[in-house]
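By this note's numbering, the letter at position 58 of the sequence shown is numbered 41, and the numbering carries on one by one without gaps.
Even for Gly, the Cβ is constructed at its ideal location relative to N, Cα and C.
From a predicted model like this one, the values you see are computed outputs, not experimental measurements.
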Amino acid sequence: MWETILGILVICLGAYEIKSTIKYFHGIKDDGNESTSPFALITIYFSLFFGGVLLVSGMGLALHLMLN
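Following this line, the structure appears as structure tokens:
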């Protein structure tokens, strides 16, 4: 029971992370200039990776695949 609730919560956090990353990417694409940090692209990649890890972990928890 608790694993399912926690899994759904983690899935929501992962989806929010990916949504925020896409919004940040569009903001940089539209408003970026010479003063934009060169590390912004790395930040976007790792944020998408982290969101994907949260989604997969949440699915595993929700389907009781990780805690048996």
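Extent of the continuous alpha helix (DSSP H) to which residue i belongs
i: M42; result: 23 to 45
i: T4; result: -15 to 14
Rounded C-alpha distance that separates residue i from residue j
i: L78; j: L37; result: Because residue 78 is not part of the residues shown, which for the chain are -16 to 51, the question remains open.
i: K6; j: F33; result: 16 angstroms
i: A52; j: F29; result: In the structure as shown, the chain starts at -16 and stops at 51, and residue 52 therefore has no counterpart that could be examined.
i: L31; j: I(-6); result: 14 angstroms
i: G15; j: G35; result: 25 angstroms
Residue i classed as buried or exposed, judged by whether at least 16 other C-beta atoms fall within 10 angstroms
i: L44; result: buried
i: T(-13); result: exposed
i: E17; result: exposed
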